[in-house]
Structures are given as structure tokens and as C-alpha cells.
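Number of protein chains: 2
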Amino acid sequence: MAEEEGEKEVTLLGTWSSPFVLRVKWALRIKGVEYTYVEEDLRNKSPQLLQYNPVHKKVPVLVHRGRAIAESSVILHYIDEAWPHHPLLPHHPYEKAMARFWCKFEDDKLSPPLWRVLTTQAEEQREAQASAIESLGLLENELEGKKFFGGQTIGLVDVWFGALAYIIPIYEEITGLKLVEQRKLPRLCRWMEEFLSSPAVEGTLPPKDMLLPRYAAMREAFLAKAKRPEQQ
Amino acid sequence: MAEEEGEKEVTLLGTWSSPFVLRVKWALRIKGVEYTYVEEDLRNKSPQLLQYNPVHKKVPVLVHRGRAIAESSVILHYIDEAWPHHPLLPHHPYEKAMARFWCKFEDDKLSPPLWRVLTTQAEEQREAQASAIESLGLLENELEGKKFFGGQTIGLVDVWFGALAYIIPIYEEITGLKLVEQRKLPRLCRWMEEFLSSPAVEGTLPPKDMLLPRYAAMREAFLAKAKRPEQQ
Chain A
1 MAEEEGEKEV TLLGTWSSPF VLRVKWALRI KGVEYTYVEE DLRNKSPQLL QYNPVHKKVP
61 VLVHRGRAIA ESSVILHYID EAWPHHPLLP HHPYEKAMAR FWCKFEDDKL SPPLWRVLTT
121 QAEEQREAQA SAIESLGLLE NELEGKKFFG GQTIGLVDVW FGALAYIIPI YEEITGLKLV
181 EQRKLPRLCR WMEEFLSSPA VEGTLPPKDM LLPRYAAMRE AFLAKAKRPE QQ
Chain B
233 MAEEEGEKEV TLLGTWSSPF VLRVKWALRI KGVEYTYVEE DLRNKSPQLL QYNPVHKKVP
293 VLVHRGRAIA ESSVILHYID EAWPHHPLLP HHPYEKAMAR FWCKFEDDKL SPPLWRVLTT
353 QAEEQREAQA SAIESLGLLE NELEGKKFFG GQTIGLVDVW FGALAYIIPI YEEITGLKLV
413 EQRKLPRLCR WMEEFLSSPA VEGTLPPKDM LLPRYAAMRE AFLAKAKRPE QQ
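Structure follows, in C-alpha cells:
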């Protein structure tokens, strides 16, 4: 059937390990949109990727009826607007604004310290850990009385943070530092379990035994790089 | 009348020199929304600012019917959704996605090199200049056949980039480096003139004789800071 239609309607260009690509996969699954997935090798980018995302040359790229959209935040909004059933964003402008605020919060106040927890050590790492835990505490408050950030169902903020539910325990395992303690962040712990076992996510997560050595190698590379100037 | 209503409906907390606050002022003017403007002193933040934006403690903050919204990107979307006449975003999901893409492009690929042009020197500054000019070239292409990024009228992307139309010449004056050359970027030059003289912008720009020494002092402070490790 797809061959008869010529170009399949929706194509996602991604890489298996990208949390940004996962966001798009989850949003498409929530909407029930069928798509062709194309795995990209970022060390040897395909002509298709370079053609569809000439500015950033990155994944994810969503191609819908031959028109390409890049950047996960832009793609998620597009998916929510092009397929309006099962909305990811709430209806009211103020509620929408709050959802967007928390997505931006993740970009600005949570992802950067988490990354530093993975890629630094000693004092710098301890400061990053404290900063990440402070941000996670604000998310804990947001979950008061709610199953998901989106309320009773998964919404934009859940999809946005979702990859962290999977990656934070990997960072904890590699660094030996605790970030999400059941005792201190019980709602967030429950949310992580609920989200990761939800139908939207089931079967989409990259194998932990492939992701863990990948992040461990990144940590080693960053620590080695940070050491170099001292040795000169 | 406003006193009888009790709390005025729309309040904007800002500082005179912030390009992020300018974006919000322009959007409100395009929509014809009346508001109370409150100038904040960021060295001595008001209880109101700390109450309304406890996470970031930054301006702009828009308060609408007692509910606060922070982050200029979130505020602009809110304004466009709460006052839907004179839309800032186009109607079609794909066109919307393109507008959001270019706003994110400014955040990721234009603002950072422009800032480095202002705050560094020598090789680092020359690289930043080349990078900024490359990004500006992509914007030049976007303006083909259009008066504004939004088409015949000012849209989200115009409001997003708008402050740069004013700030780039100030950076050029301080650093002695050319960024927007009429010969190479004629559409962007015309857009800068058109935008800055548009009714949305008229009378909102901070006085150049106050902004220029402010940015010049920032440059000096960054250069002095960069020198310090070498002196130790």
C-alpha cells in the first residue's frame, strides 16, 4: 500500500540513542501516527539528512508530506497542531504557557547541571549535583495531586522530561551519585515508573546495556579532556 | 476606571535595557493591549518580581488577571493565544513550525556568536564574526520576496529578531567590526530599517546614548576578566 502511495506520509530521521528523537517517537505514538523510521549514522550523515536539515544537520527531523521540520521542540508543537486529537498541550492559553515554561526550565535549569554531573568531578560535580537536585525539587512540587505533568494523561511536559526518567538512573549508576531519592522526591519517583511503563513508551527505550557504556565513555572522554591543560 | 476594576488587567515587569522585554512590549502593542509597565531594578529586585518569577527571578514577567508568565518565548506565545487578533504566528502548522524554527535558530546560532563578537577579541572574535555573518546570511535568504519575516506584516520572527536590528549597529560601533553590510545583506538592511520605523516599535527603543556605554562597559568587563588568568 505504502509503495502505491509513493512517498510515505510521515518519516522520522533519528538515531537510536538520542533522547530528542525519543520525544518525537512518543508524541507520534500518542497521536497514533504511523511513520517510517530511518536510522541515521551521525558520523556519516545521509544526503537525506543534509537535504532536510541543512542548517543544523542534526536529528530528529520529521518529514510530513515531503516537508521537513527540525528541532524537537518545534516538531512536538507541529505534531500537536497537525494531529490535534489526544492533545499534548492543554487548551487554555495560561495552562499552555505553564507547560512551555517547564519545558524551557528543563532546557535551562535541569539538563545543564545533569550533564555536568556526568562530565565533571570533585567540587564542580558536587555543585552540579546540588543544582540538579534543586531543579528536580521544583518538578516534585509540580506533580502535587497529579499522575503526570499533563494531569491524568501524558502531555508535552511528560514527553519533554521523559528521557530523563530513563537517563538519570544511568547517570547515577555511572557516577555513583544519587539524584532522585525516593525519600526526598517520592512523586517524581512514581512519575518515572508510571511514565516508563506507559503504552506511549513501551518498547521504545534504547537497551540499557548499550546506553550505559556509551555515557560512561562520554564521561571518560570529558574527564580526560579536562585533565589535559594541567599536564601541559 | 482602572481603580474601580481593582487590579489592572495586564502588567509587564521589565527593565529599560532588556531586548527580551522589548519583544513583549512590541507584541502587546501589535495586539493593542493596554498594560501597566513596572520598571525593575535587577540589583534590588522587588518583592513582586520574586513572587511572580520565583524560579528565574528575571524580567520580563507578564501578569494577566493576577497570573504571572515568565520567559519571553512563553510570553509571546501566550499573548498570541490570549489575544488572537492580529496573529503573530501564521495559521498553518507547517508555517508555524518554520517561525518557531527561526526563533530557535536565533537563540542557538545567532545570539551566541553576536555576544562573543562583543565580549572577546583577536582570533576568537574574528571566528565569532564569521559565524554571526553566516547565520545572518541564512536570515537574508528567508527574507526573499518578503517585507517582514512574517510576510507583509510583522510576525513572531520579526518580534524575536527585532532587538538585534537595534543592537547590531551598537555592537558594530563598539567593536569596529562590520556585521550587516548593505552590499552583502541588502534585504536584512532594508528589514532593519522597516522594522525599526514600524508603528509597533516607534517610541519603544531605549536611548542609544544610554545603551552604547552600557554595552561598551560589558565588553571591557569581559575582556578584563579574560585577561586575569594570564596575569596570575
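Sequences listed follow chains A and B, in order.
In terms of the numbering used here, the first sequence is numbered consecutively and its last residue is 232.
In terms of the numbering used here, the second sequence is numbered consecutively and its last residue is 464.
Beta carbons: idealized from backbone N, C-alpha and C, even for Gly.
Residues of chain A with a Cβ closer than 8 Å to the Cβ of Ala302(B) are, in chain order, Phe101. Of the residues Pro316(B), Val270(B), Ser304(B) and Asp273(B), the one whose Cα lies closest to the Cα of Gly264(B) is Pro316(B). Nearest CB-CB separation between His309(B) and chain A: below the 8 Å threshold. In the structure shown, the three-state DSSP call for Val10(A) is strand. If you draw a straight line from the Cα of Arg415(B) to the Cα of Glu372(B), it is about 12 Å long. Think of a sphere of 7 Å around the beta carbon of Ala82(A): the chain B residues whose beta carbon falls inside it are Pro325, in chain order.
When secondary structure is reduced to three states using DSSP, Leu76(A) falls in the helix class.
The Cβ of Phe393(B) sits no closer than 8 Å to any Cβ of chain A. With respect to the 8 Å criterion, Pro344(B) and Gly387(B) are not classified as neighbours on the basis of their beta carbons. In chain order, Phe105 and Leu138 make up the part of chain A whose C-beta sits under 7 Å from the C-beta of Val287(B). For the pair of segments examined, the segment 377 to 387 of chain B was found not to touch the segment 403 to 415 of chain B: the number of CB pairs separated by less than 8 Å stays below three. Using a CB distance cut-off of 8 Å, Val253(B) does not count as an interface residue toward chain A. Within chain B, the residues Tyr326 have their CB atoms less than 7 Å from the CB of Arg67(A), given in chain order. Inter-residue distance for Trp26(A) and Ile79(A) is about 11 Å (C-alpha atoms, whole angstroms). Below the 8 Å Cβ cutoff, chain B contributes Ala329, Arg332, Phe333 and Lys336 as neighbours of Val74(A), in chain order.
Non-local beta-carbon contacts of Val38(A) in its own chain, meaning distances under 8 Å to residues more than five positions away in sequence, involve Thr11, Leu12, Leu13, Gly14, Ser46 and Gln48 in chain order.
When DSSP reads this structure, Glu39(A) sits in a beta bridge with Gly14(A). Around the beta carbon of Leu76(A), 16 or more other beta carbons lie within 10 angstroms, which makes this residue buried.
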